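Undergrad:
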Amino acid sequence: VLVEQWIRAKYEREEFCHPERQNQYISGFMEGFLMKRGKEDARYHPRKFVLSEADDTLKYHVKENKDPKAVLRISELNVAFAPQKTGHQNSLQISFMKDGTTRHIYVYHDDSEIITNWYLAIRCAKLHRLQVAYPGASEAELLSQLTRDFPKEGYLWKTGPRPSDAYKKRWFTLDGRKLMYHDDPM
1 VLVEQWIRAK
11 YEREEFCHPE
21 RQNQYISGFM
31 EGFLMKRGKE
41 DARYHPRKFV
51 LSEADDTLKY
61 HVKENKDPKA
71 VLRISELNVA
81 FAPQKTGHQN
91 SLQISFMKDG
101 TTRHIYVYHD
111 DSEIITNWYL
121 AIRCAKLHRL
131 QVAYPGASEA
141 ELLSQLTRDF
151 PKEGYLWKTG
161 PRPSDAYKKR
171 WFTLDGRKLM
181 YHDDPM
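One point on numbering: in the UniProt record's numbering, the residue at position 82 of the sequence shown is 82, and numbering is uninterrupted.
Quick look at the structure:
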């Protein structure tokens, strides 16, 4: 998705020749509807998302004019494309810490340009905040602190501490020095 949209940005939309066309994801503010997977059920529901670099927040609303259901700090979240997990080509996995545990939100949009713009907007907002926090660092030095894909994911069999515990198949994710496991990939 990212490579396809980079080619479209270069040749169809000519964003590199006309930088003003990039404002959608470098402005530090983005608002729109994405389909979010439910926490308990596997269905997707439209949710309004608002990205604000100035507030260091990514908010999502269940109802458009109500208070946000969740307020996530941009500086503390990770975003990665997740088409294999969700079954949707244009999908993202947003990971963040909540109450000492790692939570994942899965979102998608039918338009690959829109989901790529969300991905780029989150990365751009994180980069701008890092540039303020570390003014002497170059962009190349800060790139490693932006979003990252998980280096290794897959099923493993695990057992409990007692010899009588049965082995269970679990989805494991290696994230830096942290090893997480879940019942299934989502």
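Even for Gly, the Cβ is constructed at its ideal location relative to N, Cα and C.
Because the structure is a prediction, the values reported are computed rather than measured.
Starting from the Cα of LYS98, find the closest Cα among TYR119, TYR106 and GLU76 and give me that residue.
TA: Among TYR119, TYR106 and GLU76, the Cα nearest to that of LYS98 is on GLU76.
Undergrad: Quick one: Cα of PRO161 to Cα of ILE105, how far?
TA: Approximately 30 Å, taken between the alpha carbons.
Undergrad: Give me, in chain order, the residues of the same chain whose beta-carbon lies closer than 7 Å to that of PRO46; leave out the 5 immediate sequence neighbours on both sides.
TA: Here the set comprises PHE33 and MET35.
Undergrad: From ASP67 to PHE81, what distance separates their C-alpha atoms?
TA: Looking at the two C-alpha atoms, the distance is approximately 27 Å.
Undergrad: Quick one: using the 10 Å Cβ neighbour count with 16 as the cut-off for buried, is GLN84 buried or exposed?
TA: With fewer than 16 Cβ atoms within 10 Å of its Cβ, GLN84 is classed as exposed.
Undergrad: Which of helix, strand or coil does DSSP assign to SER144?
TA: Residue state, collapsed to three classes: helix.
Undergrad: Can you tell me whether THR159 is helix, strand or coil according to DSSP?
TA: Coil.
Undergrad: Below 8 Å CB to CB, which residues in the same chain sit around ASN65 once its five sequence neighbours on both sides are set aside?
TA: So the list is empty, once near-sequence residues are dropped.
Undergrad: Between ILE114 and GLU139, what straight-line distance do the alpha-carbon atoms span, to the nearest angstrom?
TA: Roughly 25 Å separates the two Cα atoms.
Undergrad: Nearest to ASN90 by CA position, among ASP111, LEU143 and SER27, is which residue?
TA: The option with the nearest alpha carbon to ASN90 is ASP111.
Undergrad: Have a look at residue 187 and PRO151 and give me their C-alpha separation to the nearest angstrom.
TA: The requested residue 187 is not part of the displayed model; the chain covers only 1 to 186.
Undergrad: Taking all protein chains shown into account, decide if LEU156 is buried (16 or more other Cβ within 10 angstroms of its Cβ) or exposed.
TA: Exposed, because fewer than 16 other Cβ atoms sit within 10 Å of the Cβ of LEU156.
Undergrad: Residue 187: which of GLU31, GLU14 and PHE96 sits nearest, CA to CA?
TA: This structure does not reach residue 187, given that the chain is present from 1 up to 186, and the question cannot be answered.
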